[in-house]
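K.L.:
Listed in order, the protein sequences are those of chains X and R.
Taking numbering that gives the first Met the number 0, the leading residue of the first sequence gets 0, the next gets one more, and so forth.
Taking numbering that gives the first Met the number 0, the leading residue of the second sequence gets 0, the next gets one more, and so forth.
Note that CB positions come from ideal geometry on N, CA and C, so glycine has one too.
There are 2 protein chains.
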Amino acid sequence: MKKLVIVGGGGAGLTAALAAKKTASDLDITIIGCEEFSYSPCALPFVLGKEIDGFDKIATRFSDICKANKITFIQEEAVSIDEKKKTLRTKSREVPFDSLIISTGGYAVIPPIKGANLQNIYTLYRISDVEKINNAVKGAKTAVVVGGGAIGIEGAAALKHLGLKVTLVEGLEYVLCRFFGTDFLDVIENKIKSEGIDIVKGKNIEEILGDKKVRAVRVAGTEIPADLVIMATGVRSSIKLVEGTGIEVAGAIKVDERLETNIKGIYAAGDCSVTKSPLTGKYTPSLLGTTAVREGNIAGINAAGGNAIFEGVLNAMVVKIFDLEVGRVGFTEKDAAAEGIEVVVGKAKTFTKAEYFPGAKPIEVKLLFNAANEQLIGAEVIGEGGVVGKIDVLALAVSKKLSVGELTKLEYCYTPPLAPSHNGIVQAAENAHRKIMRLKERAKRTS
Amino acid sequence: MKKLVIVGGGGAGLTAALAAKKTASDLDITIIGCEEFSYSPCALPFVLGKEIDGFDKIATRFSDICKANKITFIQEEAVSIDEKKKTLRTKSREVPFDSLIISTGGYAVIPPIKGANLQNIYTLYRISDVEKINNAVKGAKTAVVVGGGAIGIEGAAALKHLGLKVTLVEGLEYVLCRFFGTDFLDVIENKIKSEGIDIVKGKNIEEILGDKKVRAVRVAGTEIPADLVIMATGVRSSIKLVEGTGIEVAGAIKVDERLETNIKGIYAAGDCSVTKSPLTGKYTPSLLGTTAVREGNIAGINAAGGNAIFEGVLNAMVVKIFDLEVGRVGFTEKDAAAEGIEVVVGKAKTFTKAEYFPGAKPIEVKLLFNAANEQLIGAEVIGEGGVVGKIDVLALAVSKKLSVGELTKLEYCYTPPLAPSHNGIVQAAENAHRKIMRLKERAKRTS
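Now the structure itself:
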């Protein structure tokens, strides 16, 4: 019986195990990992904000899942890989494998700021983090959240929900800076501020102040009071396990389109690995839960003897910011500029249902086309509903390289209580199409 | 200045006028039609059920729209076309055209049932119908709705909402019979019944009984009491205008992929016309509002001198049945069987958000693949939310002939409050993929 060993049981590892089982039912599968529970880190801000009522709602005991699926679970830390002998070492034993999947995930990073070692400073990445923050919230009045990514924004919203005065600090010129154009970022930041969260941005933290416990955060000379601080300053790939092996890394474990590393029979998936962007052909990090699941699936199939190709990640994502849904996929204007691609942007404002139907809410679609070949290369959607469906359509459209002409002719469904008769994606494509036509006419006239 | 004349100002005609204007801003556009208002007939059941508060919410005065867009509006009935002279006649005048778009829409049909001429029997297709039904509802206690299509179901729900005891009568073996497989139809009918609407099906109406006013409907020997009856028994294309011309019809006006009729310069769009299905290559009726809008757009561009191709209709649609959303696109099992195509079905039950998130509701995805080439040819989705987005993705997937393998690797977005980490379309594709793999192995073993 062939042996598959998987290191780490997060989204990637667990999905890989189940996919491998379905691919080769006689495979002997072992998961090795330290965590007692399986859960999505994305759920943690909502547990903190008490939108989700307790950890038992999001966490399943790992041993139970493995038992139900006839997978061996060893709750120990994996220490080293011997790729020649094809064995994995934990502290107490050596585990042989025919194929190995590394899905060790990532870890939250705290930048080297003076005072970062004070009490009441937390990351928000594991269940234990939420437990600690929960304790600190009792009696706290003010909080600073450092880092304006999805977890930072959701963490700030959670603390606000718990009654604290919250300031969100972002070193770059905008929160969610990497993921949207400035037009949409203005809308996003206005929403956050309108809900009573202060934003301080474009400035780095000089020092975290306090005596034992944090008291304030100093940004560009100004002290922001803080009884507690959440450092949502990013996640890095956990790749300590592959140190000293021949497995190639570039910040994360490099894998090919079968998610195999440079060592035959050793695969990697999820936050610890990196694949090439289908838009640029370059290694591009994606620390999304969906990427972990999608990669886990492919790695599981291949490690079990199947053959599946991973086409890469467009970083399709959605974040709920109070009642606003913001989603995106592919390139932003800035990404395109960095690749030297001239873009034509199409926009449309429409509604979540027929405009006249009670409860209809605004939604805005923005599409980015490569001016040279008229292909869709990116999209952003903001609205008070219906954003997930639009991003899922646009992720498929980008991945299939749809042209602006094809998007103007998209088929879609309609009924007044659920969707308008004119589709926002189609209207945004029409807007871009007219711009492209005008550009072509102008080029014709001047040539 | 070239003259474009459009007959009929519904979804197709109005969209065509605006698209033509954008294509050639110097075009002289005239719309000829009898209706005073522009509105979506799909909204009428919701006005009847008072979910939408009055007609002024859904209707815009036609003359106002035309004035705002510099379009001439002649509120008269078009009587005949002289395709040689390139003129259109109304009762009072002859209007010359360079190009013509026929978008005369459809009309509600009442089958020749004995007693169908009694008082308090209505169709539900125009604003005037709703006004009449509204009057009849006063003092009424019971109603029968004949026809289990979308309008029939929505009409029945509206009357139920107004406090009447409602029976829905469908001659075929299921309501919405043409659009879903029997597995999903059972769910749909159970929902309708659980909301207190009786369904009588698989039996034809023998007679409508009453003395002047309707009193009951007799179906297979049983009398169903009815103070009023809605006949939602279908819509036929309005093609009287083209009688006596050389324009080819097949129940509706036949058009090519540019939506031009067999007469050069004369186009047709919307309910009055018929195009070929991209799945079968055969003329296939589609009486959807989305089709009218999509066709109007293409016809408008082409009639204004542009060149756009219509790829056909997959009949993507969604219906809201109380809190249940039911959507579909492409082939059903029955459609595939009629074309001699063997299908493999994949199914997955999932949730509208992360399973553990408060308010997560069930959603089920069903995918139909052609067993021979593994391409997606149809899909059905039922859920208490999120169905529109899934159908829109699947409409694109069917139109781009995606394979089961491609669908297992779909990129999508995720955040616990809005969407689960495992996507229902991907899971249903995985389910079908495993079935296809097993079929292949079996074929290998027996060959």
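From the DSSP output, read off the bridge partner residues of residue 327(X).
P.N.:
Taking the first residue of the first sequence as position 1, residue 327(X) is located at position 328. Beta-bridge pairing links residue 327(X) to 316(X) and 379(X).
K.L.:
Can you name the residues of chain X whose CB is closer than 7 Å to the CB of residue 288(R)?
P.N.:
The residue labelled residue 288(R) in the question sits at position 289 within the second sequence. Correct list: 413 and 420.
K.L.:
Looking at C-beta atoms only, is the number of pairs between the stretch 141 to 159 of chain R and the stretch 243 to 260 of chain R that lie closer than 8 Å three or more?
P.N.:
Output reads no: the stretch 243 to 260 of chain R does not touch the stretch 141 to 159 of chain R.
K.L.:
Alpha carbon to alpha carbon, how far is residue 51(R) from residue 13(R)?
P.N.:
Taking the second sequence and counting its residues from 1, one reaches residue 51(R) at position 52. Taking the second sequence and counting its residues from 1, one reaches residue 13(R) at position 14. If you take the alpha carbons of residue 51(R) and residue 13(R), they lie about 23 Å apart.
K.L.:
Would you mind listing the beta strand (DSSP E) stretches within the stretch 199 to 246 of chain R that are 3+ residues and don't spill past its ends, in chain order?
P.N.:
Complete beta strand (DSSP E) runs here, min 3: 204 to 210, 212 to 218, 221 to 224, 227 to 230 and 234 to 236.
K.L.:
Return helix, strand or coil for residue 166(R), following the three-state DSSP convention.
P.N.:
Locating residue 166(R) in the second sequence gives position 167, where the first residue counts as 1. DSSP places residue 166(R) in strand when its eight states are reduced to three.
K.L.:
In the stretch 376 to 401 of chain R, which residues sit with their C-beta less than 9 Å from some C-beta in chain X, listed in chain order?
P.N.:
Answer in chain order: 385, 386, 387, 388, 389, 390, 391, 392, 394, 395, 396, 397, 398, 399 and 401.
K.L.:
Looking at residue 405(R) and residue 371(R), is the spacing between their C-beta atoms short of 9 Å?
P.N.:
The residue you call residue 371(R) lines up with position 372 of the second sequence. The residue you call residue 405(R) lines up with position 406 of the second sequence. Contact flag unset, no.
K.L.:
Could you spell out the range, first to last residue, of the alpha helix (DSSP H) harbouring residue 395(X)?
P.N.:
Indexing the first sequence from 1 puts residue 395(X) at position 396. Segment 386 to 398, the alpha helix (DSSP H) holding residue 395(X).
K.L.:
Residue 174(X) by DSSP, collapsed to three states: which one?
P.N.:
Here the question's residue 174(X) lines up with position 175 in the first sequence. Of the three classes helix, strand and coil, the one that applies to residue 174(X) here is coil, per DSSP.
K.L.:
Out of curiosity, what's the CA-to-CA distance linking residue 118(R) and residue 215(R)?
P.N.:
Numbered from 1 along the second sequence, position 119 holds the residue referred to as residue 118(R). Numbered from 1 along the second sequence, position 216 holds the residue referred to as residue 215(R). Their Cα atoms are separated by approximately 12 Å.
K.L.:
Let me check one thing: in DSSP terms, what residues is residue 88(R) bridge-paired to?
P.N.:
Translated into positions along the second sequence, residue 88(R) becomes position 89. Its beta-bridge partners are 79(R) and 93(R).
K.L.:
When the Cα atoms are used, what is the spatial distance from residue 89(X) to residue 76(X)?
P.N.:
Looking up residue 89(X) in the first sequence gives position 90. Looking up residue 76(X) in the first sequence gives position 77. Roughly 6 Å separates the two Cα atoms.
K.L.:
Return yes when the Cβ of residue 408(R) is within less than 9 Å of the Cβ of residue 390(X), no when it is not.
P.N.:
In the first sequence, counting from the first residue as 1, residue 390(X) sits at position 391. In the second sequence, counting from the first residue as 1, residue 408(R) sits at position 409. Result no, Cβ atoms of residue 390(X) and residue 408(R) do not sit closer than 9 Å.
K.L.:
Identify which residue in 265(R), 235(R), 97(R) and 428(R) has its Cα closest to the Cα of residue 251(R).
P.N.:
For the purposes of this step, residue 251(R) is taken as residue 252 along the second sequence, with counting starting at 1. When each option's Cα is compared against that of residue 251(R), the closest is 235(R).
K.L.:
Check the Cβ of residue 433(R) against every Cβ in chain X and list those closer than 8 Å, keeping chain order.
P.N.:
In the second sequence, counting from the first residue as 1, residue 433(R) sits at position 434. Residues of chain X passing the Cβ test: 21.
K.L.:
In terms of alpha-carbon separation, which member of 299(X), 278(X) and 283(X) lies closest to residue 268(X)?
P.N.:
Counting from 1 along the first sequence, the entry for residue 268(X) is found at position 269. Minimum Cα distance to residue 268(X) is reached at 299(X).
K.L.:
Spatial neighbours of residue 213(X) within its chain, please: CB distance less than 8 Å, with the 5 preceding and 5 following residues excluded, ordered by chain position.
P.N.:
By 1-based counting over the first sequence, the position of residue 213(X) is 214. These residues qualify, in order along the chain: 114, 117, 118, 119, 120, 207, 225, 226, 227 and 228.
K.L.:
Who are the near neighbours of residue 369(R) in its chain, counting only those whose CB is closer than 6 Å to its CB and skipping five residues on each side?
P.N.:
Within the second sequence, residue 369(R) is the residue found at index 370, counting from 1. Only 340 and 376 meet the Cβ criterion.
K.L.:
Any beta carbon from chain X within less than 9 Å of residue 416(R)'s own beta carbon?
P.N.:
The sequence position of residue 416(R) within the second sequence is 417, counting from 1. For residue 416(R), the answer is yes, since a Cβ of chain X falls inside 9 Å of its Cβ.
K.L.:
I'd like the ranges of any beta strand (DSSP E) spanning at least 3 consecutive residues and lying wholly in the stretch 257 to 305 of chain R.
P.N.:
Fully enclosed beta strand (DSSP E) runs of 3 or longer: 265 to 267 and 272 to 275.
K.L.:
Residue 141(X) lies in the beta strand (DSSP E); which residues open and close that run?
P.N.:
Within the first sequence, numbered from 1, the residue matching residue 141(X) stands at position 142. 141 to 145 is the extent of the beta strand (DSSP E) around residue 141(X).
K.L.:
May I ask you to list the residues that DSSP assigns as paired with residue 60(R)?
P.N.:
Within the second sequence, numbered from 1, the residue matching residue 60(R) stands at position 61. 36(R).
K.L.:
Quick check on the burial criterion: 16 or more other C-beta atoms within 10 angstroms. Buried or exposed for residue 0(R)?
P.N.:
Translated into positions along the second sequence, residue 0(R) becomes position 1. Residue 0(R) comes out exposed.
K.L.:
Is residue 409(X) close to chain R? Criterion is C-beta to C-beta, closer than 9 Å.
P.N.:
Numbered from 1 along the first sequence, position 410 holds the residue referred to as residue 409(X). At least one chain R Cβ lies under 9 Å of residue 409(X).
K.L.:
Terminal residues of the continuous beta strand (DSSP E) containing residue 98(X)?
P.N.:
Translated into the one-based positions of the first sequence, residue 98(X) becomes position 99. Residue 98(X) -> beta strand (DSSP E) spans 98 to 101.
K.L.:
From residue 24(X) to residue 138(X), what does the alpha carbon distance come to, in whole angstroms?
P.N.:
One-based indexing of the first sequence puts residue 24(X) at position 25. One-based indexing of the first sequence puts residue 138(X) at position 139. Distance between the alpha carbons of residue 24(X) and residue 138(X) is about 53 Å.
K.L.:
What are the residues that DSSP puts in a beta bridge with residue 105(R)?
P.N.:
Numbered from its first residue, the second sequence carries residue 105(R) at position 106. Per DSSP, 236(R).
K.L.:
Opposite residue 71(R) in the DSSP bridges: which residues?
P.N.:
The sequence position of residue 71(R) within the second sequence is 72, counting from 1. In DSSP, residue 71(R) forms a bridge with 29(R).
K.L.:
Any heavy atom of the ligand COA closer than 8 Å to the beta-carbon of residue 397(R)?
P.N.:
Of the ligands one can find in the structure shown there are none, so the ligand COA has no counterpart to examine.
K.L.:
Anything in chain X within Cβ reach of residue 40(R), meaning under 7 Å, just list it in chain order.
P.N.:
In the second sequence, residue 40(R) corresponds to position 41, counting from 1. What residue 40(R) touches in chain X: nothing, since even the nearest Cβ is about 10 Å away.
K.L.:
Name the chain A residues whose beta carbon is nearer than 9 Å to that of residue 313(R)?
P.N.:
This model lacks chain A altogether; the protein chains it does include are X and R.
K.L.:
Would residue 412(R) and residue 328(X) be called neighbours here (beta carbons separated by less than 9 Å)?
P.N.:
In the second sequence, the residue the question calls residue 412(R) occupies position 413. In the first sequence, the residue the question calls residue 328(X) occupies position 329. Yes. Within cutoff.
K.L.:
With a Cβ-Cβ cutoff of 9 Å, do residue 365(X) and residue 427(X) count as a contact?
P.N.:
Stepping through the first sequence from its first residue, residue 365(X) is reached at position 366. Stepping through the first sequence from its first residue, residue 427(X) is reached at position 428. Contact: yes.
K.L.:
Answer with yes or no whether the minimum CB distance from residue 199(X) to chain R is below 9 Å.
P.N.:
What you label residue 199(X) is simply residue 200 of the first sequence in a count that begins at 1. Cβ-Cβ to chain R under 9 Å: no for residue 199(X).
K.L.:
Quick check on residue 47(R): does DSSP put it in helix, strand or coil?
P.N.:
The sequence position of residue 47(R) within the second sequence is 48, counting from 1. Three-state DSSP puts residue 47(R) in a helix.
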